[in-house]
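Heads up: the structure comes next, in structure tokens.
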Amino acid sequence: METEFTPWMSLAGGVLIGISAVLLMMFNGRIAGMTGIMTGIIPPFSTDWPWRIAFLAGAVIGPVVFLAAGGAIPYAVPVSLPLLALGGLIVGVGVYYGAGCTSGHGVCGMARLSPRSIAATITFMIFTGLTVYVVRHIAGI
Amino acid sequence: MQKFIASALIGAIFGLGIAISGMANPAKVLNFFDVAGSWDPSLIFVMGGALITTAIGYLVIFGARQKPVFDADFHLPINKTIDARLIGGSAVFGIGWGIAGFCPGGAIPALGFGGLPVIAFVGAMIIGIVLARSIDGLRHKPAKAF
């Protein structure tokens, strides 16, 4: 499935992600990593769960408000439900052991030039690319 | 209460950024990695915009402030070791991301508009985290990674 090349929207979205990461550090002193924020509200809850719930609720409601205001969010899922569930399970295990994902390692950690985050990001980018190649061009799914 | 409202607004900026950038769109994410097929390089611009903004913003904040507004300290990871746990976990995460097209930060903002596919992904992801944490807890005290 082809998708439209959207450099300006993607750049604008990236800058907003960055602004959010900077503000979360400035106000809460926290890394804007989805894995870390989310893991704190999966039982046993971390003691500082209220701000985490607020951040996650905001992250869900933000796009909904944008859509309600007439904005467009291109969205298509060329993956079957069983593979989405399998992928989700694998992602959950991976981000737990890897202690972060695209937002935590890929944005916040790389921005701090953390060697751990740089190593993690290079690793998952390579494995994601290899997996997409295997799924699409070898398995032919 | 102030911290709660600020966190929600900051989360909304994050969610909006993810949504308009294309990171919440599996078709686009998978195409970014499909260099041998229907390649869409847009996500380079997401990464570039987010990284440059965050790097400059962090430098300004850490230079200008001793502590955050609502906390006594900046909570920065202190673990510096690059070990098999980090690399293995990241590799496994990459495999899952390549199968599903959703990463955690891409999936959560899609929950409000993405229907069953993203709900299935997030549900399974939470099970994966719980599973990994239980297995890890059997071996030793779970690492305080976050």
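Taken in sequence, the protein lines are chains A and B.
Residue numbering for the first sequence is 41 to 181, as defined by the working numbering.
Residue numbering for the second sequence is 901 to 1046, as defined by the working numbering.
For each residue, glycine too, the CB sits at the ideal point set by N, CA and C.
Per DSSP, what kind of secondary structure is A/Phe173 in: helix, strand or coil?
The sequence as given places Tyr at residue 173 of chain A; Phe does not occur at that position. Of the three classes helix, strand and coil, the one that applies to A/Tyr173 here is helix, per DSSP.
Could you check the C-alpha separation between A/Ala72 and A/Leu121 for me, to the nearest Å?
Going from the Cα of A/Ala72 to the Cα of A/Leu121 covers about 28 Å.
Between the Cα of B/Val1018 and the Cα atoms of A/Leu123, A/Thr161, A/Phe164 and A/Gly149, which residue gives the shortest distance?
Measuring from the Cα of B/Val1018, the nearest candidate turns out to be A/Leu123.
Using a beta-carbon distance below 9 Å, is A/Phe45 in contact with chain B?
Cβ-Cβ to chain B under 9 Å: yes for A/Phe45.
Hey, A/Gly102 and B/Ala912 are a contact pair by Cβ (cut 8 Å); roughly how many whole angstroms apart?
Indeed they touch by this definition, with Cβ atoms about 3 Å apart.
Is the Cβ of B/Leu943 closer than 9 Å to any Cβ of chain A?
Closer than 9 Å to some Cβ of chain A, the Cβ of B/Leu943 qualifies, so yes.
So, does the CB of B/Arg1033 fall closer than 9 Å to a CB anywhere in chain A?
Yes, B/Arg1033 lies at the interface with chain A (some Cβ there is under 9 Å from its Cβ).
Got a sec: which bits of the stretch 910 to 922 of chain B sit with their beta carbon under 8 Å from any beta carbon on chain A, in order along the chain?
So the list reads Ile910, Gly911, Ala912, Ile913, Phe914, Gly915, Leu916, Gly917, Ile918, Ala919, Ile920, Ser921 and Gly922, given in the order they occur along the chain.
Cα separation between B/Ile1008 and B/Ala964?
One C-alpha to the other measures close to 32 Å.
Measure from the alpha carbon of A/Leu170 to the alpha carbon of each residue in B/Gly994, B/Leu909 and B/Ile961, then state which is nearest.
It is B/Gly994 whose Cα lies nearest to the Cα of A/Leu170.
Compare the Cα-Cα distances from B/Ile978 to each of A/Gly149, A/Ile178, A/Gly58 and A/Glu44 and report the closest residue.
Nearest of A/Gly149, A/Ile178, A/Gly58 and A/Glu44 to B/Ile978, Cα basis: A/Gly149.
Report, in whole angstroms, the separation of the C-beta atoms of B/Leu916 and A/Val147, which I expect to be a contact under 8 Å.
Rounded, the Cβ-Cβ distance is 15 Å, inconsistent with contact.
Should A/Phe85 be flagged as near chain B, meaning a C-beta pair shorter than 9 Å?
Closer than 9 Å: no.
For B/Val1022, which three-state DSSP category applies?
Residue state, collapsed to three classes: helix.
For B/Ala1047 and A/Val135, what's the separation of their Cα atoms in angstroms?
Shown here, chain B extends from 901 to 1046; a query on residue 1047 of chain B therefore has no answer.
Step through the CB atoms of chain A and report whether any lies within less than 9 Å of the CB of B/Arg985.
Yes, B/Arg985 lies at the interface with chain A (some Cβ there is under 9 Å from its Cβ).
Is the shortest distance between the beta-carbon of B/Arg965 and the beta-carbons of chain A less than 9 Å?
For B/Arg965, the answer is yes, since a Cβ of chain A falls inside 9 Å of its Cβ.
Can the beta-carbon of A/Val172 be found less than 9 Å from the beta-carbon of B/Phe945?
For A/Val172 and B/Phe945, no; Cβs fall outside 9 Å.
State the Cα-Cα distance for the pair B/Gly988 and A/Asp88, rounded to the nearest angstrom.
Cα to Cα, B/Gly988 sits roughly 29 Å from A/Asp88.
What is the DSSP secondary structure of A/Asp88, reduced to helix, strand or coil?
Correct three-state label for A/Asp88: coil.
Determine whether the Cβ of A/Gly69 lies closer than 9 Å to any Cβ atom of chain B.
At least one chain B Cβ lies under 9 Å of A/Gly69.
For the alpha helix (DSSP H) that contains B/Phe993, what are its first and last residues?
It spans Ala984 to Ala1000 - the alpha helix (DSSP H) in which B/Phe993 sits, taken as one unbroken run.
Please give me, in chain order, every unbroken run of the alpha helix (DSSP H) with length at least 4 that falls completely inside the stretch 939 to 984 of chain B.
Taking only runs of at least 4 residues, the alpha helix (DSSP H) segments lying wholly in the stretch 939 to 984 of chain B are 942 to 964.
Using C-beta distances below 6 Å, list every residue in its chain close to B/Ala1000, excluding the 5 sequence neighbours before and after it, in chain order.
Phe1021.
I'd like to know whether the C-beta atoms of A/Phe95 and A/Ile113 end up nearer to each other than 9 Å.
Result no, Cβ atoms of A/Phe95 and A/Ile113 do not sit closer than 9 Å.
At 7 Å on the CB atoms, spell out the chain A contacts of B/Gly1005, in chain order.
Correct list: Met74, Cys141, Thr142 and Ser143.
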